[in-house]
Amino acid sequence: MALMFRRIARNFIKAGYFPTDEPTLERALSALAPAAGPMCILDPCAGEGVAIAEAAHVLGRERVSAFAVEFDRERASHARQLVDHCIHGDLMDTLISRQSFGLLWLNPPYGDLSKDADGNIGYQGQGRARLEKLFYQRTLPLLQYDGVLIFIVPAYVLDAELVGWLTRHFAELRIYRAVETQFKQVVIFGRRIRQRDQASDAVKATRGLLLQIGQGDADAEELPVEWPFLPYTVPASVEAPEHFYRVSMEPEQFGDEVGRLQGLWPAFDTHLGAAQQSLRPPARALSHWHLALALAAGAISGVVQSKTGRVLAVKGDTHKEKTLQTEYTERDDGSVAETRILTDKFVPVIRAWDMTPGSATHGQVLTIR
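Start counting the sequence shown at 217; every next residue gets the next number (the numbering used here).
What follows is the structure in structure tokens.
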């Protein structure tokens, strides 16, 4: 399976995207072996989807479900032709089931994180804030225990903080230099375990090697053409991920839904209430109390035409007024006490817009109390 057409590759490079070179990809995948059951594998920065599709092919396409996340629309459209499930969107805007994947192919974007308007960068750490670390933090919980990590990053990213995470979360750690040296990448292999003690001699030795490579004091060996160790077996998945979707709608999906539903207009009466088509007269003349309730409920409104031809656009309403009542009482000492009592009174009011042609009050708003 070819990585991509040359013309497409040039377009991607111009857009600032550099896929894993083919020799590095082939040699890294030679370190993998499939489990006996069905497997789920994930590439959260999938690009055009070639790397994770090649991994599925090596492990046995009929037994592998390949999942991908890609931010760029054009690359995501290519990835959807190669994988089983692909999300077009930001990884930070996705909901994916934890511990659902036996293989995590992580070749994240490279660079320092920039703060937003509130000074937040979404990074939980004390060291230098890097995109590689952010993507590591976001995707580590998605890998099941005993699952395999293939982590491709520039060697200089391996500071004390990232090395500490790797040695705490993974066993059987191995590091090699990528075949393509333009970006000074290293390929790190590991098997996820539960957090372990950092004091053992083996962990200290691994930690020291990773730090030396990160600081430029040592060079990693080139990724071997043939894997010299026992392969990393990608474990079988208990079940497919329950959640694998973007939190916000994709632009294309939103456009399709708007076109299909046509907004709220087809359901205007359902959402906003249907106007009564036929008006029935009350059983008896309305009292002031009934009239106030009808006005307050908006039941008395609309265009009214009298038998004489007068046309009014009426709108009923009520407002509250207070009536003052004063009482005087004489105290035992002969003084007079004054008591003022305020009582609420609801006053129905109808405002009418005179629309009768030729009327003396045509166009005026009349108040009917």
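We put the CB at the ideal spot given by N, CA and C, even for glycine.
In this text, all values refer to a predicted model and were calculated from it rather than measured experimentally.
query: Between which two residues does the alpha helix (DSSP H) containing Asp-472 stretch?
result: First-last of the alpha helix (DSSP H) with Asp-472: 467-477.
- request: Can you grab the Cα-Cα spacing for the pair Glu-537 / Pro-564, in whole Å?
  value: For Glu-537 and Pro-564, the distance between alpha carbons rounds to 10 Å.
Alpha carbon of Gly-579 to alpha carbon of Ala-529, nearest angstrom: Rounded to the nearest angstrom, the two C-alpha atoms are 10 Å apart.
query: From Leu-425, Arg-384 and Arg-423, pick the residue whose C-alpha is nearest to that of Arg-407; which is it?
result: Among Leu-425, Arg-384 and Arg-423, the Cα nearest to that of Arg-407 is on Arg-384.
query: For Trp-321, is the classification buried or exposed, using 16 other Cβ atoms within 10 angstroms of its Cβ as the cut-off for buried?
result: The residue is buried, with at least 16 neighbouring Cβ atoms inside 10 Å.
field: Whole-angstrom distance between Ala-501 and Trp-569, CA atom to CA atom
entry: The alpha-carbon separation between Trp-569 and Ala-501 amounts to approximately 24 Å.
- prompt: Hey, which unbroken runs of the beta strand (DSSP E) at 3 residues or more fall wholly within the segment 399-434?
  reply: Restricting attention to beta strand (DSSP E) runs no shorter than 3 residues, the segment 399-434 encloses them at 401-408, ordered along the chain.
Residues of its chain near Arg-393, where Cβ-Cβ distance is below 8 Å and the 5 sequence neighbours each way are ignored: If we look at Arg-393 and ignore the five residues flanking it on each side, its Cβ neighbours are Ala-371, Gln-401, Val-402, Val-403, Asp-435, Ala-436, Glu-437, Glu-438 and Leu-439.
- prompt: Whose CA, out of Pro-457, Ser-293 and Ser-246, lies closest to the CA of His-273?
  reply: His-273 has its Cα closest to that of Ser-246, out of Pro-457, Ser-293 and Ser-246.
task: Compute every distance between the C-beta of Lys-400 and the non-hydrogen atoms of the ligand GTP, then say whether any falls below 6 Å.
output: Inclusion of the ligand GTP in the displayed structure is not the case, the ligand content being empty and no account of it being possible.
- request: Confirm, please, whether the CB-CB distance from Ala-284 to Ala-262 is below 7 Å.
  value: Contact check for Ala-262 against Ala-284 passes: the beta carbons are separated by less than 7 Å.
message: Just to confirm the assignment, what range does the beta strand (DSSP E) spanning Val-395 have?
response: Boundaries for Val-395: no beta strand (DSSP E) harbours it, and the DSSP string shows neither H nor E there.
message: Under DSSP, the beta strand (DSSP E) around Gln-521 begins and ends at which residues?
response: Where Gln-521 is concerned, the enclosing beta strand (DSSP E) starts and stops at 517-521.
Integer Cβ distance of Arg-314 from Leu-358, believed to fall under 8 Å: Sure, about 6 Å apart at Cβ, within 8 Å.
- prompt: Between which two residues does the alpha helix (DSSP H) containing Thr-534 stretch?
  reply: Counting along the chain, Thr-534 falls outside any alpha helix (DSSP H), though it belongs to the beta strand (DSSP E) covering 527-546.
query: What does Thr-236 pair with, by DSSP beta-bridge criteria?
result: DSSP lists no partner for Thr-236.
query: Between Phe-460 and Ile-312, is the Cβ-Cβ spacing less than 7 Å?
result: Their beta carbons are under 7 Å apart, which means Phe-460 touches Ile-312 by this criterion.
- prompt: Looking at C-alpha atoms only, which residue of Asp-306, Thr-545, Thr-572 and Thr-355 is the closest neighbour of Arg-526?
  reply: Cα-wise, what sits closest to Arg-526 is Thr-572.
task: Label Phe-367 either buried or exposed according to how many other C-beta atoms from any shown protein chain fall within 10 Å of its C-beta, with 16 as the threshold for buried.
output: Buried is the call here.
field: Chain-order list of residues whose beta-carbon lies under 8 Å from that of Ala-251 (same chain, five-residue window excluded)
entry: Excluding positions up to five away in sequence, the list reads Gly-318, Thr-449, Val-450, Pro-451 and Ala-452.
Beta-carbon contacts of Thr-236 that lie in its chain and below 7 Å, excluding the five residues immediately before and after: Ala-267, Asn-323 and Ile-368.
field: Which listed residue (Tyr-361, His-504, Leu-356 and Tyr-326) has its alpha carbon closest to that of Arg-344
entry: Answer by Cα proximity: Tyr-326.
query: Roughly how many whole angstroms lie between the Cα atoms of Ala-418 and Leu-347?
result: When rounded, the distance between both Cα atoms is 29 Å.
query: If we ignore side chains and look at the alpha-carbon of each, how far apart do Thr-583 and Ala-510 end up?
result: Going from the Cα of Thr-583 to the Cα of Ala-510 covers about 17 Å.
message: Give me, in chain order, the residues of the same chain whose beta-carbon lies closer than 7 Å to that of Asp-306; leave out the 5 immediate sequence neighbours on both sides.
response: Excluding its 5 nearest sequence neighbours in each direction, Asp-306 has C-beta neighbours in its own chain below 7 Å: Phe-287, listed in chain order.
task: For the beta strand (DSSP E) containing Trp-381, list its first residue and its last residue.
output: No beta strand (DSSP E) holds Trp-381; the alpha helix (DSSP H) holding it covers 376-385.
message: Using only the alpha-carbon positions, how far apart do Ala-387 and Gly-363 sit?
response: Their backbone Cα atoms lie some 11 Å apart in a straight line.
query: Under a Cβ-count criterion, where at least 16 other Cβ atoms within 10 Å of its own Cβ denotes burial, should His-535 be classed as buried or exposed?
result: Around the beta-carbon of His-535, fewer than 16 other beta-carbon atoms lie within 10 Å, marking it exposed.
query: What are the complete alpha helix (DSSP H) segments, minimum 4 residues, inside the segment 278-306?
result: Runs of the alpha helix (DSSP H) inside the segment 278-306: 289-295.
field: Outcome for Ile-557 when other beta-carbon atoms lying within 10 angstroms are tallied against a minimum of 16
entry: When all chains shown are included, Ile-557 counts as exposed.
task: For Thr-577, collect the residues of the same chain with a Cβ closer than 7 Å to its Cβ; drop the 5 residues on either side in sequence, then sort them by chain order.
output: Asp-570, listed in sequence order.
- prompt: Of the residues Phe-470, Ala-295 and Tyr-544, which one's Cα is nearest the Cα of Asp-259?
  reply: Closest in C-alpha terms to Asp-259, from the list Phe-470, Ala-295 and Tyr-544, comes Ala-295.
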